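In our numbering, the protein residues as written are 259 to 1505. We treat Cβ as the ideally placed atom computed from N, Cα and C, and that holds for glycine. Note that the coordinates shown come from a computational prediction; the quantities given were computed from them, not determined experimentally.
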């Protein structure tokens, strides 16, 4: 067997590589080398000694084009290395040749290939193209508006108008339009979107009698959820009883608490009965009063017990207010109003889907959703139904074509994609690799449940498939791995994170980091920094385990917000790592490329944020203020950039000048340059009308220079408006950049390169817009407004390469798949974004719709029971995804992990976080985990149970002790608590120094020599040592060389292509003025190239050849007419022509490439010694005759010989010398004779 890798694989990895004959699910933890395993499996399939597989019989699906390209490149590199070692291996050579046609692709590209091949089965235009998102969005809006207009104009539109009244919004129907679009997008994640839409109203079909409400499918799910919530209330009361029974606890409370527990248990039991019984029981809840505690009791325990009971009561009240606010009969009646509304919404969305499909078809377009659904249509038999997949003939052909189907990042698949893969795969040839703990693309409708279903099913029985766990991490140091495991053992369960973080799921150290004597102590510890935003907090305790918490005194400045404080703290740690500090020298990191430790660089560090929108700029500003080079690829902020906003205002008034705000913005901007007082003078102009009318009057009044400025602007504006009507949008924008000078202006501002890049993005976006079927400035501006209204953004232009030595700031989602030596995870105290749960209409892939009940007469609305159930399910799924996002963030670190978070009131928050410190076992209470609103709500309760978390317990003033097995975990933590005021003046010193230097510059005072004068002079005075060579062309043609040394300007053109472009001028010019000498020469060379040399040609044969060249569209008839057949016959009848006909071999129009010392081509260059530069010379030899003992080189010329010209031999000697030199150097045989043949005179000139 050919061994393709010398790597030492683990037993689990080897099983994933070599297992055959069954479906295989590989659960690969972070850093487990899943891509390497996948590539190695492919390589071994290709080189199996018994049953080798052809590479084009594998379907390898990745989720990004970059991943597909990387995998193809790695496979190709490995195959090429093996082929070099074994050149006779024909199978390997064949795989290398087939690699470019192998199906290593994204799923969208695979679907596109299917559509290109089978378009005729789908009634698709074979020339269809994929609409980009700009065009698709505009087309959707256009279709939707037309659909709404049709319904408004319809006679029987009562159902539609009621739907608009209910969900359209107060001012217009925009909210209903958004709802239809969202429902359309959501439906495309289902294999049967039309069927799913049509069934949305079914769960709301009510029975005839209210008592039969129990038959509804969602009632049982609501009851189960209420029972779970009541169980959590019971857990709070049990915890309160436990505390009351502790020494010093409020023992008199126990009786009342036990009564409460009996009451709550009864309510939980009622959840198994009817809804009417539940309503009566929950509505009649009465809580007893706690007995007074006389005597000496622990006040802290009393407060905690009271707090737990109050939380239990609040939870019960929330359940009552949420689910039992209306009597069952009223609830039943209100639910009945939903059915016609949901049915109308469903039918409206189906209408839109069909209208949109037809519009795309008419324009020959498909969007990305169509790629998958058209492919499903190809692969499904017509008799298929939801839940009953029957593969089509095409699908069966593909099953036979693919020996194995391999899927990377399987945890991010959705139901449509899963169905596609089922149809093209055999029952036992799927290889799926991924990590459900890293499934973080729920917003793209990824379905981690598909992975989990196989994860549990394959574990239960090997007959279903094989499950292999890769838990060894080859990325991170043991300190990082231990810290991650410590947190997630306590917080990730099947209920909270969809998977139990047990011994099988946790990370295991597999990397090898050699010991280094000079490494600072404590590098294995995970750092946790908490910033207290409450200014009245008492003095902060010193950091535990040697953490930094030094106070930084300075003058007062505006209070820092959370992001500023965290950015300054991150900057402080970055500088300490770079420069050394806190008793340690500069940090050193392991370099995998060199195999040694080296000083850390800025590029080794990254700051991860849950979202960069509105926050990355703050980090950029603060870090740059500390002198730290920083870069962030901003996903938002584009439209807020002042240069973009200003230019969009200019486009708006070109479209319609009667818009006051954009008009004032342009006048006030550098484009016009007015001041505030000028705008006031314009506004004071008498008369009625809008600001544009006043502007026109001001231009006519006696306002001096202001009137002239306004008049010039109005003239220019009218010219721009005229151009906008006649020209393209992209040309208009570029014209405006030049005529206003605004592009150059912003280039001179701070951050000029970024600002100019933003304006270029606007130009390219306009070009992209016009490449679609849409045109016009108005629609483009409308599209931009649509993007802004939906909260989308284009993101600022990228102006920095990935290899720059800067600290990166990126979102956690962007960091997935990446790794960094040092990772800062900031913003851990920010609340999760759960605003999507507050929409009027919720959607769930399996539960359907959760609508708001709206009384159209009273306009009173409240959430329906299905919506409440769905909201809770969506919240759980969102929290599970947030937990997985945290896992992804923490597992990006190789050597150091630093966690940063801000808390509004640290003391009070710690009291809450440390409440479950004494919880038995590893897992924290599920009820607490599901109430989390920030990442700190998970991290701090976990870390507080560590032995080094005592600083947190002390601040929380709790005496509870964590279980020993948890407290003595081998992970290491360094915890530091900070006041915001300690970070307030961190940048003061550097800022004051900068201000001092700037003041000297303003006053033109000399700056003190900082010891860098010589270095500065050296750098500014540096000159490229070979500047003379850099100014010369590195590649030239023989014709260019001849012209360079030829003083005549009418010499014949050289011919440098086998079949050159014979007519570079328009045809009408050729007809009117005839062909040039150069064009005639090209035609003659083309004919000579095609003459049959097996016999002496005659005029008839030449004429037949010319007609053949015309028929083959190599020559035009008028071009063939310029050739004199007799002149060609005369050449072949000459002694030279006869030698050509008798030759052993003849090469015509033979191209060559030759390197020549630069000094030969450019005599003016100074001597360059041994390291002389070379120039690439290219040319084409007219005719090279092989006569056995050497070559005869023939060059024919078609230009006329005029009196007074230098001899032909002298004119072309340099050119022929280069030809001879090239032949002898490349072919390693001598050129015996050289000759020029003149077709004009029939003369032969020997050189």
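Just reading off the beta strand (DSSP E) that residue 1081 is part of, what are its end residues? Segment 1078-1083, the beta strand (DSSP E) holding residue 1081.
Considering only C-alpha positions, which residue in the set 481, 937 and 405 is nearest to residue 612? Nearest Cα to residue 612 within the set 481, 937 and 405: 405.
Residue burial classification, residue 1172 (beta-carbon count within 10 angstroms, cutoff 16): buried
Tell me which same chain residues have a C-beta within less than 8 Å of the C-beta of residue 1490, skipping the five on either side of it? Same-chain partners within the cutoff: 1445, 1447, 1448, 1449 and 1450.
Evaluate residue 529 with the Cβ neighbour count: other Cβ atoms within 10 Å of its Cβ, from every protein chain shown; 16 or more gives buried, anything less gives exposed. buried
Is DSSP giving residue 268 helix, strand or coil here? coil
Do the region 285-305 and the region 685-697 meet, that is, are 3 or more Cβ pairs less than 8 Å apart? Judged by Cβ distances under 8 Å, the region 285-305 makes contact with the region 685-697, as three or more pairs qualify.
Return the CA-CA distance between residue 1313 and residue 1438, expressed in angstroms with no decimal places. Residue confidence is low: residue 1313 scores 33 on pLDDT, short of 50, so the model does not pin down where it sits. Its coordinate-derived value is still stated next. Near 7 Å, if we compare the C-alpha coordinates of residue 1438 and residue 1313.
Ends of the alpha helix (DSSP H) at residue 875? Per DSSP, residue 875 belongs to the alpha helix (DSSP H) from 874-883.
Hey, does residue 385 have any beta-carbon neighbour from chain D nearer than 8 Å? Absent here is chain D; the protein component of the structure consists of one chain.
With distances taken from CA atoms, which of 490, 833, 1391 and 1133 is nearest residue 1524? Residue coverage of the chain in this structure runs from 259 to 1505, which leaves residue 1524 outside it and unanswerable.
How long is the line joining the alpha carbons of residue 1257 and residue 897, rounded to whole angstroms? 34 Å
Going by C-alpha distance, which of 705, 769, 462 and 568 is nearest residue 266? 769
Could you compute how far the alpha carbon of residue 666 sits from the alpha carbon of residue 826? 39 Å
Is the Cβ-Cβ distance between residue 756 and residue 321 less than 8 Å? no
Please confirm whether residue 890 and residue 1016 have their CB atoms less than 8 Å apart. Cβ distance not < 8 Å, so residue 890 and residue 1016 don't count as in contact.
Here's the rule I'm using: 16 or more other beta-carbon atoms within 10 Å means buried, otherwise exposed. How should residue 658 be labelled? Burial state of residue 658 is exposed, judged by a 10 Å Cβ sphere holding fewer than 16 other Cβ atoms.
To which residues of the same chain is residue 1412 closer than 6 Å at the C-beta, ignoring the five residues directly before and after it? 1435 and 1480
First and last residue of the alpha helix (DSSP H) that includes residue 653? 651-659
Give the straight-line distance between the Cα atoms of residue 1181 and residue 600, rounded to the nearest whole angstrom. Answer to the nearest angstrom: the Cα atoms are 42 Å apart.
For residue 1375, which residues from the same chain have a beta carbon less than 6 Å from its beta carbon, with the 5 sequence-adjacent residues on both sides left out? 1368
Backbone CA spacing between residue 794 and residue 1164 [nearest angstrom]: Residue placement at residue 794 is flagged as unreliable, the pLDDT there being 47, under the threshold of 50; a coordinate-derived value is accordingly withheld.
Pop quiz: residue 1085 and residue 868 are said to be a contact at Cβ under 8 Å. What is the actual Cβ separation, rounded to whole angstroms? 6 Å
Since residue 945 is in the alpha helix (DSSP H), which residue starts that stretch and which ends it? Unbroken run through residue 945: none, as it is neither H nor E.
Limits of the unbroken beta strand (DSSP E) element including residue 1444: Note, residue 1444: beta strand (DSSP E), 1432-1444.
Confirm, please, whether the CB-CB distance from residue 886 to residue 998 is below 8 Å. 8 Å or more divides the Cβ of residue 998 from the Cβ of residue 886.
Return helix, strand or coil for residue 1097, following the three-state DSSP convention. coil
How should residue 845 be labelled, buried or exposed, when 16 other C-beta atoms within 10 angstroms of its C-beta is the threshold for buried? buried
Rounded to whole angstroms, what's the CA-CA distance from residue 919 to residue 750? Just pull it up for me. 52 Å
Among 1495, 542, 331 and 507, the one whose alpha carbon lies nearest that of residue 522: 542
Exposed or buried, what is residue 451 when buried is set at 16 or more other beta-carbons lying within 10 Å of its beta-carbon? buried
Local Cβ density within 10 Å of residue 527, reported as buried at 16 or more and exposed below that: exposed
Per-residue DSSP class, three states only, for residue 982: Of the three classes helix, strand and coil, the one that applies to residue 982 here is helix, per DSSP.
Residue 1326 classed as buried or exposed, judged by whether at least 16 other C-beta atoms fall within 10 angstroms: Note that residue 1326 scores 39 on pLDDT, short of 50, meaning its location in the model is unreliable; the coordinates nonetheless yield the value given after this. Result: exposed.
Nearest-angstrom Cα distance between residue 1108 and residue 1128? 6 Å
Report back the beta-carbon spacing between residue 1355 and residue 1390 to the nearest angstrom; my notes put them in contact at under 8 Å. 6 Å
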